[in-house]
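Enquirer: For the sequence shown, the working numbering begins at 8 and goes up steadily by one.
Yeah, the Cβ is synthetic: ideal placement off N, Cα and C, and Gly gets one too.
These numbers come from a predicted model, not from an experiment.
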Amino acid sequence: DHQPRPGQAARPVAELLARLRNAQAGVSEFLAAQGAEPNTEVRVAESYFGETNWKGYALILRLHYRDHAEQVQKTLAAVARRAG
Numbered sequence: 008d009h010q011p012r013p014g015q016a017a018r019p020v021a022e023l024l025a026r027l028r029n030a031q032a033g034v035s036e037f038l039a040a041q042g043a044e045p046n047t048e049v050r051v052a053e054s055y056f057g058e059t060n061w062k063g064y065a066l067i068l069r070l071h072y073r074d075h076a077e078q079v080q081k082t083l084a085a086v087a088r089r090a091g
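1. Pop quiz: V86 and L24 are said to be a contact at Cβ under 8 Å. What is the actual Cβ separation, rounded to whole angstroms?
2. Per DSSP, which residues does T82 bridge with? Please list them.
3. Which residues in the same chain as R73 place their Cβ atom closer than 6 Å to its Cβ, once the five residues preceding and following it in sequence are excluded?
4. With distances taken from CA atoms, which of E53, A76, A84 and T82 is nearest N29?
5. Can you tell me whether E36 is helix, strand or coil according to DSSP?
6. Return the residue from the list K62, A90 and P19 that minimises the CA-CA distance to E36.
Shown next, in the form of structure tokens:
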């Protein structure tokens, strides 16, 4: 079900992209602050990728955000072509 949750109003694309960039920057800052030898022994189950540690999950999250941003750009380009 891809229906918006209650309280989720439509937001301008620029705001959504800014939120994605800020979230990705937060993940990047966190990773940079972890040092050269972070503890990667603790693993948790991830429904799609299986067992992963925090570093793997951070990479998955970063790629997920990037995929969303790229999909927004593709959608905007398609809408612009159709309107033009």
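Expert: In this structure, then:
1. Position 79 of the sequence shown holds residue 86. Position 17 of the sequence shown holds residue 24. Their Cβ separation, rounded to whole angstroms, is 15 Å, which puts V86 and L24 out of contact at 8 Å.
2. The residue labelled residue 82 in the question sits at position 75 within the sequence shown. In DSSP, T82 forms no bridge with anything.
3. Translated into the one-based positions of the sequence shown, residue 73 becomes position 66. Shown here for R73: not one same chain residue has a beta carbon closer than 6 Å to its own, the five before and five after excluded.
4. Mapped onto the sequence shown, residue 29 falls at position 22. Of the listed residues, the one whose Cα sits closest to N29 is A76.
5. Working through the sequence shown from its first residue, we reach residue 36 at position 29. Helix at E36.
6. Sequence index remark: in the sequence shown, residue 36 carries index 29 (1-based). The option with the nearest alpha carbon to E36 is K62.
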